[in-house]
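Undergrad: Protein chains in written order, with the numbering used here: chain C, 14 to 180; chain B, 4 to 75.
Cβ coordinates follow ideal geometry from the N, Cα and C atoms, glycine included.
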Amino acid sequence: MYGVGLVAITLLSCVFLVLIWGIVFVGSQRLLFGEIILPQRPQHNRQGWGILNYFENNCPASVSNQAQSYLLRIVTLTDATDMDDGYLLNVGTNTFHVRDRYVRRIRGGEDLKSGYVETCFFVPNQGMPSAELIATALLMLQSDPTLFDKWATKNGESFKADGQIFT
Amino acid sequence: MNAKIITFSSRGDTTLLEYDPATADMDEVNKLISEYEAKTGAQPFDMATGERIEKVTREQNEVLMVHPVAGG
Chain C
14 MYGVGLVAIT LLSCVFLVLI WGIVFVGSQR LLFGEIILPQ RPQHNRQGWG ILNYFENNCP
74 ASVSNQAQSY LLRIVTLTDA TDMDDGYLLN VGTNTFHVRD RYVRRIRGGE DLKSGYVETC
134 FFVPNQGMPS AELIATALLM LQSDPTLFDK WATKNGESFK ADGQIFT
Chain B
4 MNAKIITFSS RGDTTLLEYD PATADMDEVN KLISEYEAKT GAQPFDMATG ERIEKVTREQ
64 NEVLMVHPVA GG
């Protein structure tokens with residue numbers, strides 16, 4: 014019984030001494046050198062943090078924020094208007110309503126035989142966030158509004174931004 | 004400031020190439036872009052103007068490779 018008490022007191026003393034040492038050591042560092050400030054190393058030098066960086070850059074929230082940020086930039090560049098359920102884009106005589114995977118032609122195209130009003134669109138083999146999908150459609154339609162009719166009439170065919178089929 | 008060639012992907016935006024526009028061999032940059040286009044169909048857009056470009060110059064700091072879109 015006496016032995017167990019002695020061991021417990023010794024252990025507690027050790028813990029207490031370590032605590033005191035830590036407080037005194039860190040305190041003296043701050044007294045001698047002021048506040049300790051770790052240098053901010055550039056992202057690419059953080060070799061040891063590779064896995065952490067991977068998760069920081071690829072976690073769903075981060076990907077979604079980046080995608081949203083690019084969409085906002087492209088909405089500004091294309092002079093599109095943010096609606097509750099998508100974006101309005103004016104290109105020449107055409108007005109498109111672009112939302113996730115769907116685009117509707119609100120104005121223009123009356124003289125075309127196809128007469129399509131709405132079509133879906135997608136980027137094959139990418140699985141990109143919907144914000145970037147919308148941003149892609151805005152850029153492409155602004156560059157070439159006839160892509161709308163190509164998407165509508167050529168089911169499943171991929172078109173490059175210059176209007177050419179990509180096989 | 005370095006210039007970047009980026010693209011959209013399932014991981015959000017991905018940097019394909021980063022270079023110093025002051026010193027980079029722009030023929031080499033455009034060659035890499037052509038190879039990427041031949042492989043994926045993606046074409047370059049200037050992120051400063053939102054316009055599609057034929058060739059990347061030293062004036063462009065951020066270029067987005069836009070992948071083909073299909074409809075249906």
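1) Which chain C residues are close to Q46 of chain B, counting only those with a beta carbon under 8 Å from its beta carbon?
2) For A174 of chain C, count the other beta carbons within 10 Å of its own beta carbon; 16 or more makes it buried, fewer makes it exposed. Which is it?
3) Kindly list, in the order they appear in chain C, the residues whose Cβ is closer than 7 Å to that of D23 of chain B.
4) Are the Cβ atoms of V111 of chain C and Y129 of chain C separated by less than 7 Å?
5) Just to confirm, is the Cβ distance from S171 of chain C to P71 of chain B under 7 Å?
6) Among B:K42, B:L20, B:A41 and B:T43, which residue has its Cα nearest to the Cα of V32 of chain B?
7) Between which two residues does the alpha helix (DSSP H) containing N33 of chain B stretch?
8) For the putative contact between V69 of chain B and L152 of chain C, defined by C-beta atoms under 8 Å, what is the C-beta separation to the nearest angstrom?
9) Determine the DSSP secondary structure at Y129 of chain C, reduced to helix, strand or coil.
10) With a threshold of 7 Å between beta-carbons, can R43 of chain C be considered close to chain B, or not?
11) Can you tell me whether D92 of chain C is helix, strand or coil according to DSSP?
12) Would you say N103 of chain C faces chain B, with C-beta separation under 7 Å as the test?
13) What are the partner residues of G15 of chain B, as DSSP defines its beta bridges?
TA: The short version:
1) Going along chain C in sequence order, the residues near Q46 of chain B (Cβ under 8 Å) are K173, A174 and D175.
2) Under a 10 Å Cβ-count criterion, A174 of chain C is classified as buried, with 16 or more other Cβ atoms of the shown protein chains found around its own Cβ.
3) Simply none; closest approach about 15 Å.
4) In terms of Cβ geometry, V111 of chain C and Y129 of chain C do not form a close pair [threshold 7 Å].
5) Contact flag set, yes.
6) Closest option to V32 of chain B, Cα to Cα, is B:L20.
7) M29 to T43 is the extent of the alpha helix (DSSP H) around N33 of chain B.
8) 6 Å between Cβ atoms; contact.
9) Reduced to three states, the DSSP call for Y129 of chain C is coil.
10) Low per-residue confidence applies at R43 of chain C: pLDDT is 45, beneath 50, and the placement is therefore not dependable, though the value from the model is reported in the following sentence. Not one chain B Cβ lies under 7 Å of R43 of chain C.
11) The three-state secondary structure of D92 of chain C, taken from DSSP, is coil.
12) Residue-level contact by beta carbon fails for N103 of chain C and chain B, as no gap is shorter than 7 Å.
13) According to DSSP, G15 of chain B bridges with B:S12.
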